[in-house]
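Residue numbers (my numbering): 9 to 555.
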């Protein structure tokens, strides 16, 4: 993956040799991290841009969540709701199409510039016109580059209006506006850094809306401000004293790029870092035995699954789809490969979502699976392949499933590959079985329902490439139910619709959903207030302090 090269600012990054050591791999003389600084070991090599209108990677989401504000933000006390951030209040018109937000007073960006509704409108405009990966979250409301200035506009300095094309469930609209693509940027500052662009057939605008600058720059108002990103090395954030909420307790936060679990554990034990973020089960066990360390975890909106391509005539048999769900040793996976990093969860909505069900009806039952295979005319089993991205936990999961399928006479060939290889084949519908994970694009049940339970056009030329489409599962009735749930304004009724969809997916689908990701972190016991949220953009570090 190409990474943007960061040019160092003219002034020193941080004062003192100790801080430099923290960034590059702390020397023994500086083993204890500074009292005013949080240092996290974290695999941040996925970062390609710091522009909230472009960034769509998990690591960047965490930085954006701590450095930018939104109109509304996920309510961590009840994740089925949102709460005010920059917005003080909001109303929805009687026809359900217009959302009007009143901003809090005396808001400032980190630069000192005032935050106005015009900044919000510009933030929406630039995200839509840039048309980078996360733009679809706003586009799906009938917003385009041609109409965004009318659909997302400032009425006055403290009033922003957003108009959608259908009377969607308000919870759906508000949840989407809590995504990082809706982060509010400092329009005055960004406009000082725009670059001219020659319009073309692919890009009709005459400037880049500051995208080249914001790839490594900063124009936000969050609890922390971005000081520096060095690709594949570190991200440095400093406290924003202009923040409108409770000020961050520590002066700075440093994310050091560390990919290996064992390296993170050793650095944590030595005191070189305060938090280790990518730990595997063996290293978690070692940390649990260390009196100076502890762990914390939180379920994330990511589910792991295997899917059966319905173009394969054997896999298309309903009894075979059902048999596969009885040929996974969920308990064994939970106690070994997934120990501490995942919990068994067999429905497509992760815990915390509106309408999520927490029922796990399937367990390893080879006899039951054999009965189902016999009903399908496959009593002697059959041969099939599975595409597997090399690495854990997917490789270990695939090997476990290969063994349990064999007990029912199904001969599974594992085809290993890197992420690009396996995904390219999967997206072209050329697989038999695929094992992978799916994470929410925004914190709303539609994000997962739309991909697991909707397939508007099952032809090879279909434009909506949901997971149902990738597996050639033609489901017109479920597609209609998924679309209807978007328009149900009553939250209780909407939740019931998603519960019904999940049950139908459990019973009939070509998806064997296995577990929900648990994000886990090891940390030194002198940290206070460190908590992981339900999404990466809600891993807030502002409340963290040290004893």
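Glycine is no exception: its CB is placed at the ideal position from the N, C-alpha and C atoms.
Bear in mind that the values here come from a model prediction, so they are computed numbers and not experimental data.
- Boundaries of the alpha helix (DSSP H) around residue 411: 402–414.
- The beta-carbon separation of residue 242 and residue 273, rounded to 19 angstroms, does not stay under the 8 angstroms limit for a contact.
- Listed in chain order, the non-local C-beta contacts of residue 383 below 7 angstroms within the same chain comprise 327, local neighbours out to five positions each way being set aside.
- Here the region 451–458 makes contact with the region 179–195; the two share three or more CB pairs at distances below 8 angstroms.
- In the three-state scheme derived from DSSP, where H, G and I count as helix and E and B as strand, residue 497 is classed as coil.
- In the structure shown, the three-state DSSP call for residue 216 is coil.
- Pairing residue 210 with residue 433, the inter-Cα distance amounts to about 27 angstroms.
- Going by beta carbons, residue 135 and residue 143 fall inside the 7 angstroms limit.
- Setting aside the 5 residues that flank it on each side, residue 337 is surrounded in the same chain by 372, 408, 412, each with a C-beta closer than 7 angstroms to its C-beta; the list follows chain order.
- Listed as beta-bridge partners of residue 204 by DSSP are 215.
- Assigned with DSSP and collapsed to three states, residue 247 falls in strand.
- Closest in C-alpha terms to residue 90, from the list 459, 496, 362, 437, comes 362.
- Runs of the alpha helix (DSSP H) lying entirely within the region 253–297, each at least 4 residues long, are 269–278, 289–296 in chain order.
- A contact is defined here as three or more CB-CB pairs under 8 angstroms, and the region 306–326 fails this definition with respect to the region 423–433.
- Listed as beta-bridge partners of residue 49 by DSSP are 264, 284.
- Short of 6 angstroms from the beta carbon of residue 193, and not among the five residues preceding or following it, lie these beta carbons of its own chain, in chain order: 131, 227.
- With a cut-off of 8 angstroms on Cβ pairs, the region 288–300 is not in contact with the region 503–511, counting fewer than three such pairs.
- Taking residue 536 as the centre and dropping the five residues before and after it, the same chain places the C-beta of 552, 553, 554, 555 closer than 8 angstroms to its C-beta, in chain order.
- Beta-bridge analysis with DSSP links residue 161 to 169.
- Taking a cut-off of 8 angstroms for Cβ pairs, the region 224–239 and the region 113–126 touch, as three or more such pairs fall below it.
- Here residue 417 carries a coil assignment [DSSP, helix/strand/coil].
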